Amino acid sequence: MTRRVWTYAGLAVGLVLVAFPFGWTLLASFKPEGEIRRDPPTFLPDQWTFGNYAGLFERTQMDQAFFNSTVVALAAVAGNLLFCSMVGYAFAKLPFRGRNVLFGLVLVQMMVPAIVVMIPQFVLIARFGLVNTFLGIILPTVVTPLGIFLMRQFIADIPDELVHAARVDGAREFRIFFQIVLPLCKPALATLGLITFFTSWNAFIWPAVVAQSEDMYTLPVALAIFNSAQATQYGLLIAGAVVVVLPILVIFLFLQRYFVQGTTFTGLK
Amino acid sequence: MVAAVGTRAPLRRTGIAWLFVAPFVVVFAVFWAGPLLVGLGMSFTDMRSTDVRDPLGVDLVGVRNYLRLFDDELMRKAAVNTLVFVVTALPLTLGLGLAAAVALNSGIARLPAVFFRLGYYLPYITSIIGIAVAWRFLLDPDAGPVNQLLAAVGVDGPSWLADETLALPVIIVMTAWRSFGFDMVILLAALQGIPKELYEAAEVDGAGRWERFRWVTVPMLRPALLFCTVYSSIGFTQFMEEPLVMTRGGPAGATTSASLAIYNQFGSGNFGYAGAAATVLFTVIAALAFLQFRLGRSR
């Protein structure tokens, strides 16, 4: 019994350490700048204010960045849902020449560090005239190895008989894919959609390289640039961090089952 | 897998299959394989950002970029920082993840378990720049609550991120704090897959709590532990966002990682030199992953 108590105590201390930076920052975002810097500090705001948020949206184009982040993330989700499931279907259910070699290449892409290909990728994007466009931000990750793995794994578990029966009935592969396989993939698609959304929403380096004018910044880029320009205005900065982080946290709280499923998938591939 | 053993797939089927994999083939060829080869080629030239418009201005310089790497004080420092980061952050993250997973699997009630798992996983899905803003504020030498709390107990807190010896450890702790939830979820799933009978048999044989952990849990977790190690070491070897947003690699290069050093070379337009450093980094990562799989398999 005492063991159990110690386990709970340990877990609770861990949770406080994990949650502290979130909680403290969120509360501080509602304090006036003077109170944020007060010594000794206050835990709950003495004086609640939305001034930091008002100032943030006045001084930066965070609303535009919010819109940009949403567009980029949704486009990445749409691309990955369609393309990763197509590729995953071929790897799982269509025997074809070159399949093993190709699957090896999926593995290779997983190991290529982003920084290694970043410069040539940028030169390429520049040649295509896609610098400072949504398309330039999205294209390199419109289909991802992780997504292909996840969909291949899931589709492999769909009984072959289903696919065979449809083929015997004369259905074309694209019809089988869209009308039989995809509807069965809903749980995997939900997981993939969420993982893609938060990866894209949080992506920072590549969008910072491609987006060159303020009206094209995504949220992390806008916040990072504001961060280096305003290193001491904590009120505004903290409000910015909340704007970037909160949407993902809210989505996570409601749909955490699918997130955790996805992580487990990654580990069991 | 439905691999058609011994039968050759009909050509028509192969054609359709290639249509299905076309999105990957195109994106891989254009944005990954191509750039990888271009980067390799670039590393043997003196290409600079200004040469993008005029490729004729580029000269071959052989392995000069690679030789320059070894003489570059900052590059050497970045390599050492990366090594220190990986060998400390990796076991720390894995240890915390394992501890959390074992605690959550030790028979505590379902609802609190879900609650704790949720909480521990939060930092992993949070934007790094959001986290950086929060941590920089918490650790601010004057306005931050950490030093204010330390002052309350009579300790004069350091200026964490401006201190050459403390900045990297802070980033290591922050990374472990942020990433252990991922390892926890993977290890927890693996723990739940261990048959209860194994523990009962060990107990019958007189194994104590520690011995059961050492001789049942750890061996059964090996695949999951191997996965976490490989996955983290690939990720940690290329860390750069953390120092970029926390310290910009400073003070005095104390937190500059290999990737960040390459990023900075890119920023100053030294494409050829950056390409050489990137090629070395990729080689190290590929070798590391390969080695770990070999070690993990053979044991």
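Top to bottom, those sequences are chains C and S. Per my numbering, the very first residue in the first sequence carries number 1; after that it's consecutive. Per my numbering, the very first residue in the second sequence carries number 1001; after that it's consecutive. We treat Cβ as the ideally placed atom computed from N, Cα and C, and that holds for glycine. As the structure is a computational prediction, the values presented were derived from the model and not from experiment.
Contact set for residue i: own chain, Cβ-Cβ below 8 Å, skip 5 residues either direction
| i | result |
| --- | --- |
| C/Asp63 | Phe57 |
| S/Thr951 | Missing from the structure shown is residue 951 of chain S; chain S here goes from 1001 to 1299 and no further. |
| S/Ala1143 | Phe1137 |
| S/Asn1264 | Gly1249, Thr1256 |
| S/Asp1183 | Thr1093, Leu1094, Leu1096, Gly1097, Leu1098, Ala1101, Cys1228, Ser1232 |
| S/Ile1171 | Phe1085, Glu1242, Pro1243, Met1246, Thr1247, Thr1255 |
| C/Ser213 | Asn132 |
CA-to-CA distance, residue j to residue i, given in whole angstroms
| i | j | result |
| --- | --- | --- |
| S/Pro1219 | S/Phe1213 | 9 Å |
| C/Gly274 | S/Ala1033 | This structure does not reach residue 274 of chain C, given that chain C is present from 1 up to 269, and the question cannot be answered. |
| S/Val1185 | S/Gly1097 | 8 Å |
| C/Pro41 | S/Phe1070 | 48 Å |
| S/Val1026 | C/Thr70 | 25 Å |
| C/Ile176 | S/Met1042 | 45 Å |
| C/Arg99 | C/Leu189 | 23 Å |
| S/Ile1125 | S/Ser1232 | 15 Å |
| C/Leu150 | C/Leu139 | 20 Å |
| C/Ser228 | S/Ala1151 | 28 Å |
| S/Ala1101 | S/Leu1166 | 29 Å |
| C/Thr232 | S/Gly1208 | 55 Å |
| S/Val1155 | C/Thr25 | 23 Å |
| S/Ala1162 | S/Val1153 | 22 Å |
| S/Val1021 | C/Met86 | 7 Å |
| C/Trp48 | C/Tyr234 | 16 Å |
| C/Val5 | S/Lys1077 | 46 Å |
| C/Tyr8 | C/Tyr217 | 44 Å |
| C/Val209 | C/Ile125 | 11 Å |
| C/Phe20 | S/Ala1289 | 35 Å |
| S/Leu1191 | C/Leu17 | 24 Å |
| S/Ala1017 | S/Val1146 | 58 Å |
| S/Phe1282 | S/Leu1187 | 28 Å |
| S/Pro1035 | S/Ala1277 | 15 Å |
Neighbour-count burial assignment, residue i, 16 or more Cβ in a 10 Å radius
| i | result |
| --- | --- |
| C/Ala54 | exposed |
| S/Trp1210 | exposed |
| C/Leu277 | Since the first residue shown for chain C is 1 and the last is 269, residue 277 of chain C is missing from the structure and cannot be characterised. |
| C/Lys93 | buried |
| S/Ala1189 | buried |
| S/Pro1023 | buried |
| S/Glu1073 | exposed |
| S/Glu1197 | exposed |
| S/Ser1179 | buried |
| C/Asp39 | exposed |
Integer-rounded CB distance, given that residue j should sit under 8 Å from residue i
| i | j | result |
| --- | --- | --- |
| S/Gly1193 | S/Tyr1121 | Between S/Tyr1121 and S/Gly1193 the Cβ distance is about 19 Å, and since that is not below 8 Å, they are no contact. |
| C/Ile155 | C/Val181 | 6 Å |
| C/Val77 | C/Thr191 | Rounded, the Cβ-Cβ distance is 12 Å, inconsistent with contact. |
| S/Val1133 | C/Ala203 | No, S/Val1133 and C/Ala203 are not in contact; Cβ-Cβ is about 17 Å, not under 8 Å. |
| C/Met118 | S/Phe1266 | 7 Å |
| S/Pro1141 | S/Ser1159 | 4 Å |
| S/Val1058 | S/Ile1129 | About 35 Å; that fails the 8 Å criterion. |
| S/Phe1044 | S/Val1030 | S/Phe1044 to S/Val1030, Cβ: 22 Å. No contact. |
| S/Pro1091 | S/Trp1177 | S/Pro1091 to S/Trp1177, Cβ: 14 Å. No contact. |
| S/Gln1292 | S/Val1230 | 5 Å |
| C/Gly79 | C/Val142 | 4 Å |
| C/Ile137 | C/Pro247 | That pair is no contact at about 18 Å. |
| S/Asn1081 | S/Leu1139 | Going by Cβ atoms, the distance from S/Asn1081 to S/Leu1139 rounds to 19 Å, so no, they are not a contact pair. |
Close Cβ partners of residue i (< 6 Å) along its chain, the five nearest in sequence each way excluded
| i | result |
| --- | --- |
| C/Ala73 | Phe197, Ser200, Trp201 |
| C/Met110 | Pro145 |
| S/Leu1040 | Thr1279 |
| C/Tyr258 | Ala190, Thr191, Leu194 |
| C/Ser29 | Asn52, Ile238, Ala239, Val242 |
Residue i, enclosing alpha helix (DSSP H) - first and last residue
| i | result |
| --- | --- |
| S/Cys1228 | 1218-1237 |
| S/Val1061 | Unbroken run through S/Val1061: none, as it is neither H nor E. |
| C/Pro120 | 114-127 |
| C/Cys185 | From DSSP, C/Cys185 is part of no alpha helix (DSSP H); its letter is neither H nor E. |
| S/Asn1264 | 1258-1267 |
| S/Arg1248 | Counting along the chain, S/Arg1248 falls outside any alpha helix (DSSP H), and DSSP gives it neither H nor E. |
| C/Phe154 | 145-156 |
| S/Phe994 | Residue numbering for chain S in the displayed model covers 1001 to 1299; residue 994 of chain S lies beyond these limits and cannot be assessed. |
| C/Asp39 | First-last for C/Asp39: undefined, no H or E at that position. |
| S/Lys1196 | 1196-1204 |
| C/Arg97 | Looking at the DSSP string, C/Arg97 is not in any alpha helix (DSSP H), and its letter there is neither H nor E. |
| S/Ile1172 | 1167-1192 |
| S/Tyr1120 | 1110-1121 |
Sequence-distant residues of its chain with Cβ nearer than 7 Å to residue i (five each side left out)
| i | result |
| --- | --- |
| C/Phe254 | none |
| C/Asp46 | Glu35 |
| S/Ser1049 | Gly1269, Phe1271 |
| C/Gly88 | Ile148, Met151, Arg152, Ile155 |
| C/Asn68 | Met216, Tyr217, Thr218 |
C-beta neighbour in chain B for residue i, strict 8 Å
| i | result |
| --- | --- |
| C/Gly240 | Given the protein chain composition of this structure (C and S), no chain B is represented. |
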